[in-house]
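Colleague:
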Amino acid sequence: MSRTGLYGIVAEFADADRLTAAARRLREAGVAGVEAYTPYPVAELDALLDPRPSPVPAIILGAGLLGAAAGFLLQYLGMKFGYPLNIGGRPLDSWPAYIPSTYEIAVLTAIVVGFGAFATATRLSVIYEPVMDAPGFERASQDRFLLCVEAAAPGFDRGRLEALLASAMPSRIAEVPR
0 MSRTGLYGIV AEFADADRLT AAARRLREAG VAGVEAYTPY PVAELDALLD PRPSPVPAII
60 LGAGLLGAAA GFLLQYLGMK FGYPLNIGGR PLDSWPAYIP STYEIAVLTA IVVGFGAFAT
120 ATRLSVIYEP VMDAPGFERA SQDRFLLCVE AAAPGFDRGR LEALLASAMP SRIAEVPR
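The numbering of the sequence shown is numbering that gives the first Met the number 0, which starts it at 0 and goes up by one.
This is how it looks when you write it as structure tokens:
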């Protein structure tokens, strides 16, 4: 259960090995809602922190297909009904002429929507997170490794989590206020 004044618990580690050991213990205990903050990528963490498949590729594909359909329909309807031109006796709905611009519109739509989906999925649009108020968080980009368990996660038990984290010998364990 989430407490209204508590965002989560943060454990600070001096090296990546202890962080990885703590993440492994949390995963074995079935703890969800774990985030890691490190000064450089730690390869083992990807598998330990409950990786979820990203929705971004599916969103990009859908946006590209919708962009292609919209671009094609815009040209087709405009040429067939809006402003029909008889050019060289060709049919009004000569679709091969629409392929280059349909492709360009599909790519443009996929790129623009993909950038927005990526920014949203990776939370780049979020300016502030409560975990940034954790003591020592500023060192996560320098020389410290932090592991945060969110209080909103199912099965959050502060005493149990503090014991699990303490067994990995962190430099500090702190509560993060909301």
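For every residue, glycine included, the Cβ atom is placed at its ideal position computed from N, Cα and C.
1) When you compare only the Cα positions, how much space is there between Pro114 and Ser124?
2) Where does Glu34 fall in DSSP's three states?
3) What residues in its chain sit with their C-beta under 8 Å from that of Tyr75, if we drop five residues either side in the sequence?
4) Does DSSP classify Tyr6 as helix, strand or coil?
5) Looking at the unbroken alpha helix (DSSP H) that takes in Phe114, where does it start and where does it end?
6) Assign Glu174 to one of three DSSP states: helix, strand, or coil.
7) Please confirm whether Ala22 and Leu47 have their CB atoms less than 7 Å apart.
8) Among residues of its own chain, excluding the 5 on either side of Arg171, which ones have a beta-carbon nearer than 6 Å to its beta-carbon?
Modeller: On the basis of the supplied data:
1) Position 115 of the sequence shown, counted from the first residue, corresponds to residue 114. Position 125 of the sequence shown, counted from the first residue, corresponds to residue 124. As written in the sequence, residue 114 is Phe, which differs from the Pro given in the question. So the two alpha carbons sit approximately 11 Å from each other.
2) For this step, residue 34 is matched to residue 35 along the sequence shown. Strand, per DSSP.
3) Start at 1 with the first residue of the sequence shown, and residue 75 comes out as number 76. Cβ-Cβ distances below 8 Å link Tyr75 to Asp92, Trp94 and Tyr97 in the same chain, with the five nearest sequence neighbours on each side left out; the list follows chain order.
4) Here residue 6 is taken as the residue at index 7 of the sequence shown, counted from 1. DSSP, read as helix, strand or coil, puts Tyr6 in strand.
5) For the purposes of this step, residue 114 is identified with residue 115 of the sequence shown, where counting begins at 1. Element bounds for Phe114: Ile98 to Ala120.
6) Your numbering for residue 174 matches position 175 in the sequence shown. If DSSP states are grouped into helix, strand and coil, Glu174 belongs with the strands.
7) By one-based count along the sequence shown, residue 22 stands at place 23. By one-based count along the sequence shown, residue 47 stands at place 48. Between Ala22 and Leu47, the CB-CB gap stays under 7 Å.
8) Looking up residue 171 in the sequence shown gives position 172. Apart from the 5 residues on each side of it in sequence, Arg171 sits with its Cβ closer than 6 Å to the Cβ of Glu11 in its chain, given in chain order.
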